[in-house]
Amino acid sequence: MALIVLASASGSPWVTTTALGLALTWPRPVLLVEADPTGGSSVAAGYLRGQLVPPEAMLDLALAQQGGDLLETLARVSITLPGSHVAFVAGIRSHEQANSLVPLWEPLATTLRLLEDTGQDIIVDAGRLGLAGSPLPLLEQADLALLCTRTDLVSLAGARSWAATLKERFERAGATANLGLLLVGTGEPFTAREVTAVLDIPVVASVAWDPTTARVFSHGAPPPKPGIGQRLAGRAGIDDTALVRSMRAARSAITATIRDTTNQLSLTESGGAS
Ligand SMILES: Nc1ncnc2c1ncn2[C@@H]1O[C@H](COP(=O)(O)OP(=O)(O)O)[C@@H](O)[C@H]1O
Ligand SMILES: [Mg+2]
921 MALIVLASAS GSPWVTTTAL GLALTWPRPV LLVEADPTGG SSVAAGYLRG
971 QLVPPEAMLD LALAQQGGDL LETLARVSIT LPGSHVAFVA GIRSHEQANS
1021 LVPLWEPLAT TLRLLEDTGQ DIIVDAGRLG LAGSPLPLLE QADLALLCTR
1071 TDLVSLAGAR SWAATLKERF ERAGATANLG LLLVGTGEPF TAREVTAVLD
1121 IPVVASVAWD PTTARVFSHG APPPKPGIGQ RLAGRAGIDD TALVRSMRAA
1171 RSAITATIRD TTNQLSLTES GGAS
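So for the sequence shown, my numbering puts the first residue at 921; every next one is plus one.
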């Protein structure tokens, strides 16, 4: 259905937590790909706490792209995250492997686009932009590429130059509508409107600043226990947290944006054909 790629520009940008949280709260089967070239799979060490060791995926994929069997290899190297409908492809173990991924990104983007035709959504954690081996081709092929940032001055200053670079690249490709911002902690202190004015890219979605719940995703911390009010209302702990609620809203906003862009595109194409 859709290829959604999340990336960040600077600092400690919350991309892994957001990508994983979105995948775990996604209502349909979803493939989560860790394409961050930093190395040391955060999901394996964090969320899975090292208790489940995913297969070495990226190097196998890099080899497979030479033989042209990426699709089969993707199925072989992905694991299902326990208790979820998330298929997960782990990132490289060391940043030294990052350069060998450079030839992978373009064909992987094409293969992931094929996969979306089968009805599966794909969420990619592209990590921080500008690193050696960064998966820019995945961003550029995405139905929606999301630059993630907090809304304080330091984060915005860090995001500004990448926002300008991405905007220019997407504009040149005629794909402006496929680029958006995802804010972590809107209004702390700047609002979505203020951030859009500064970075000149529309805010597509926001997730809440919620350190306790974030640690469930980033470090495999136990889910928060439901309070008395939640128990009386029959609501489960993590589903009723600010972070998970905001992730569900973010997912709706993301899918609505992609739907609008696709509809717009088919209108333009049919208009062009007549
Ligand atoms: N929405 C959030 N609210 C509060 N803390 C968060 C949030 N998202 C992530 N964090 C915390 O920020 C830290 C870095 O998160 P992580 O997702 O690993 O960043 P990145 O992948 O960008 O390096 C972790 O300790 C995580 O618990
Ligand atoms: Mg990360």
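Built from N, CA and C at the ideal position, the CB exists for glycine as well. The model shown is predicted, which means the values in this text are computed figures rather than measured ones.
For this session: State the Cα-Cα distance for the pair T1030 and P1144, rounded to the nearest angstrom.
Result: 40 Å
Exercise. Under three-state DSSP, which class holds T1069?
Worked result: strand
Exercise. To which residues of the same chain is A1128 closer than 6 Å at the C-beta, ignoring the five residues directly before and after it?
Worked result: Same-chain partners within the cutoff: A1162, L1163 and S1166.
For this session: Take the Cβ of I1148 as the centre, count every other Cβ of all protein chains shown within 10 Å, and call the residue buried at 16 or more, exposed below.
Result: exposed
Exercise. Under the three-state reduction of DSSP, which class applies to T1000: helix, strand or coil?
Worked result: Correct three-state label for T1000: strand.
Problem set entry | Every unbroken beta strand (DSSP E) inside the stretch 1012 to 1062 [3 residues or more] | 1041 to 1048
Problem set entry | Per DSSP, cross-strand counterpart(s) of A927 | L1067
Problem set entry | First and last residue of the uninterrupted alpha helix (DSSP H) at V1115 | A1112 to L1119
Exercise. Which residues bound the alpha helix (DSSP H) around A1226?
Worked result: Since the first residue of the chain shown is 921 and the last is 1194, residue 1226 is not available in this structure.
Problem set entry | ligand 2 site residues, beta-carbon cut 7 Å against heavy atoms | V935, T936, D956, T958, S962, D1045 and G1047
Exercise. In whole angstroms, what is the alpha-carbon distance linking P1027 and V1104?
Worked result: So the alpha carbons of these two residues sit roughly 31 Å apart.
For this session: Could you spell out the range, first to last residue, of the alpha helix (DSSP H) harbouring V935?
Result: V935 to L944
Exercise. In this structure, does DSSP put A1007 in helix, strand or coil?
Worked result: strand
Problem set entry | From S930, G1094, T1116 and L951, residue whose alpha carbon lies closest to that of T1038 | L951
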